[in-house]
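Comments concern the structure below.
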Amino acid sequence: MAELPRIFCPMTVVARVLGVDIYLLTVESWNDLVLVRTVGAPTETAKALVAADIARSAEGLRRREAGSKEPPGEPVAERLAQSLTVGLTDDAGTDFTLLGRSTGGNQNGAAALYCEWIFTPAMAEGASCLTVAFTGGDGHAISHTLREVPVS
1 MAELPRIFCP
11 MTVVARVLGV
21 DIYLLTVESW
31 NDLVLVRTVG
41 APTETAKALV
51 AADIARSAEG
61 LRRREAGSKE
71 PPGEPVAERL
81 AQSLTVGLTD
91 DAGTDFTLLG
101 RSTGGNQNGA
111 AALYCEWIFT
121 PAMAEGASCL
131 TVAFTGGDGH
141 AISHTLREVP
151 VS
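Residue numbers are given in UniProt numbering: position 126 of the sequence shown equals residue 126, and the series is strictly consecutive.
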């Protein structure tokens, strides 16, 4: 049977990209990996970026159907993710490796601003805290140390 994940839910702003506040939703340490999940705040600015993406996507599809070889533009979530470098450390000295990231989802809501980074291995069994560091394209860096709360 798989172990239960260790989940941290800080819900705190970690960056501002393209005028959108980026929130750290969860950090989840599973059997062999750590997921770092963020989402952009659904502000008017963010909604305008998503609406522009939808319009650009529809126009790009129309052009490709007409024979254009023009590649599609990057969705806003991908641009948000590309603007951030994410790193992990724990108090046991685990050597985390970024495996990849995924972005986006349904264009009708906050999922359009969703980003996930996948690291390996999982948080060390003896570790009690995990630090997530975010560096923006402008060089601004911020880190959050997440401490495990013992279950009583």
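A virtual CB, placed ideally from N, CA and C, is assigned to each residue, including glycine.
The structure displayed is predicted, hence computed values, not measured ones.
Q. Taking the alpha carbon of residue 47 as the point to measure from, which residue in 10, 71 and 19 has its own alpha carbon closest?
A. In the sequence shown, counting from the first residue as 1, residue 47 sits at position 47. Nearest of 10, 71 and 19 to residue 47, Cα basis: 19.
Q) How should residue 137 be labelled, buried or exposed, when 16 other C-beta atoms within 10 angstroms of its C-beta is the threshold for buried? A) Your numbering for residue 137 matches position 137 in the sequence shown. It counts as exposed.
Q. Buried or exposed: residue 132, going by 16 or more other Cβ atoms within 10 Å of its Cβ?
A. Residue numbering aside, residue 132 sits at position 132 when the sequence shown is read from its first letter. It is buried - the Cβ of residue 132 has at least 16 other Cβ atoms within 10 Å.
**Q.** C-alpha distance - residue 52 paired with residue 81, whole-angstrom precision
**A.** On the sequence shown, residue 52 is found 52 positions in, with the first residue counted as 1. On the sequence shown, residue 81 is found 81 positions in, with the first residue counted as 1. Roughly 18 angstroms separates the two Cα atoms.
**Q.** For residue 57, three-class secondary structure by DSSP
**A.** Taking the sequence shown and counting its residues from 1, the one referred to as residue 57 is at position 57. Reduced to three states, the DSSP call for residue 57 is helix.
Q: Go through the region 56 to 108 residue by residue and report every complete run of the alpha helix (DSSP H) that reaches 4 residues or more, in order.
A: 76 to 82
Q | Run of the beta strand (DSSP E) containing residue 43, from where it starts to where it stops | A | As a first step, residue 43 must be located in the sequence shown, where it is residue number 43. No beta strand (DSSP E) contains residue 43, which DSSP labels as neither H nor E.
Q | Minimum C-alpha distance to residue 88 - residue among 121, 70 and 15 | A | Here residue 88 is taken as the residue at index 88 of the sequence shown, counted from 1. It is 121.
Q) Does DSSP put residue 133 in a helix, a strand or coil? A) Position 133 of the sequence shown, counted from the first residue, corresponds to residue 133. Residue 133 falls in the strand class under three-state DSSP.
Q. So what's residue 154 in DSSP terms, helix, strand or just coil?
A. Nothing can be reported for residue 154, as the shown portion of the chain is limited to 1 through 152.
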